[in-house]
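Q:
In this note's numbering, the protein residues as written are 26 to 419.
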């Protein structure tokens, strides 16, 4: 049995044992909504390294979502609930453009046309790290839509297609569905759209119609739904697919801190703080302080860690002398995965299943290898004798 201890701020919280035969597990129950700077420690006398795992539990900030509505948004309210999101809805006529930068995700909910002023505002919003979801209407004005889509690097709308099509394909490998589904299902109750727009490209498709064209597409925080999803045109809002799709789009609009991060991996962390022009954030562990790569926007600071930090532990994220939160970094666990050489795949390798036979073979090989030395010695002696004979008895 291997003792396993759970610490919070160096105070022992719980202790248990694990029976490890290849793999083992220990279950600790922690209180919800409590901040914990934790460490799980394994007491293994035979292995004196890689025995600690650092982590943080905290209440993450609510993600701010703005819907610009030209249609009913009941389905959006049911997904972006108050426990995780701060959802606000306005009409295009009442939109205050200077407030767009306050949000993490902006949704164009079935607008018929997109004013140039909104295109400019959303382009700036995206440049500053925001996410945008465009949901087309049944009568989207192509020119204004395509100006916005081009600025967001999304495929343009080519033409309206009035064919009723089923949504049959889920791109399980798309980042928006990462760690969402337990298994990949091919046959499910397909939702439909009576009309949609043909897109200039199917690259980065998330959901596809039966003919292979894209219903939902997007990447890097910008997303497009190519058909109106009101009850007149589609039953997509009644499909189970809409929940993970829109929920994940919302969650990924703010990269809140993970349980922990792995050293030497590329990590992106959004810190919900607004800095002045000359301010920076630092990562601090004991007496070690580093300045990670960071990008400041009007709503957050984005930290990028790769080569640093190098030491495992729980780091303070500091703004000057004030600690904003804590982040945990751990060494890559793959260093503990022991991989052995496959001798059968190696060349010039002989395998013997008997130790005695192997030792005898080595001895025999050694004796054979030693004989050549005597042959060389005798050859040199005979050569010397022959030279002496030729010199004195010629």
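Backbone N, C-alpha and C define an ideal beta-carbon position, used for all residues, glycine too.
No experiment lies behind these values; they were computed from the predicted model shown.
1. Considering just the uninterrupted stretch of the alpha helix (DSSP H) at residue 173, what are its terminal residues?
2. Figure out for me which residue from 316, 127, 343 has the closest Cα to the Cα of residue 150.
3. CA-CA distance, residue 141 and residue 277?
4. Note down the Cα distance separating residue 208 from residue 88, rounded to an integer number of angstroms.
5. Helix or strand or just coil, what does DSSP make of residue 344?
6. For the stretch 261-346, list the beta strand (DSSP E) runs that are entirely contained and at least 3 residues long, ordered along the chain.
7. Just to confirm, is the Cβ distance from residue 157 to residue 131 under 8 angstroms?
8. Quick check on residue 78: does DSSP put it in helix, strand or coil?
9. Figure out for me which residue from 342, 379, 39, 328 has the closest Cα to the Cα of residue 280.
10. Are the stretch 75-94 and the stretch 115-122 in contact at 8 angstroms, needing three or more beta carbon pairs?
11. Taking a contact to mean a Cβ-Cβ separation below 8 angstroms, would you say residue 239 touches residue 224 in this structure?
12. In the structure shown, what three-state DSSP assignment does residue 96 receive?
13. So, helix, strand or coil for residue 241, using DSSP?
14. From the DSSP output, in three-state form, read off residue 210 for me.
15. Let's see if you can read the secondary structure: which residues bound the alpha helix (DSSP H) around residue 148?
16. What residue does the beta strand (DSSP E) around residue 134 start on, and which one ends it?
A: If we stick to the structure as given:
1. In the chain shown, residue 173 corresponds to position 148, counting from 1. Element bounds for residue 173: 167-176.
2. Counting from 1 along the chain shown, the entry for residue 150 is found at position 125. Looking at the Cα atoms, 127 is the closest of the given residues.
3. Stepping through the chain shown from its first residue, residue 141 is reached at position 116. Stepping through the chain shown from its first residue, residue 277 is reached at position 252. Looking at the two C-alpha atoms, the distance is approximately 27 angstroms.
4. If you number the chain shown from 1, residue 208 lands on position 183. If you number the chain shown from 1, residue 88 lands on position 63. So the two alpha carbons sit approximately 28 angstroms from each other.
5. Position 319 of the chain shown, counted from the start, is the residue given in the question as residue 344. If DSSP states are grouped into helix, strand and coil, residue 344 belongs with the strands.
6. 292-296, 306-310, 313-315, 318-321, 326-330, 338-344
7. Reading the chain shown from its first residue, position 132 is the one you call residue 157. Reading the chain shown from its first residue, position 106 is the one you call residue 131. Contact: yes.
8. Position 53 of the chain shown, counted from the first residue, corresponds to residue 78. Strand.
9. Here residue 280 refers to the residue found at position 255 when the chain shown is read from its first residue. When each option's Cα is compared against that of residue 280, the closest is 328.
10. yes
11. For this step, residue 239 is matched to residue 214 along the chain shown. For this step, residue 224 is matched to residue 199 along the chain shown. Yes, these two residues count as a Cβ contact at 8 angstroms.
12. As a first step, residue 96 is located in the chain shown; it is residue number 71 there, counting from the start. The answer is coil: DSSP assigns residue 96 none of H, G, I, E or B.
13. Reading the chain shown from its first residue, position 216 is the one you call residue 241. Residue 241: strand per DSSP, three-state reduction.
14. Here residue 210 refers to the residue found at position 185 of the chain shown. Coil.
15. For this step, residue 148 is matched to residue 123 along the chain shown. 141-152 is the extent of the alpha helix (DSSP H) around residue 148.
16. What you label residue 134 is simply residue 109 of the chain shown in a count that begins at 1. Segment 130-134, the beta strand (DSSP E) holding residue 134.
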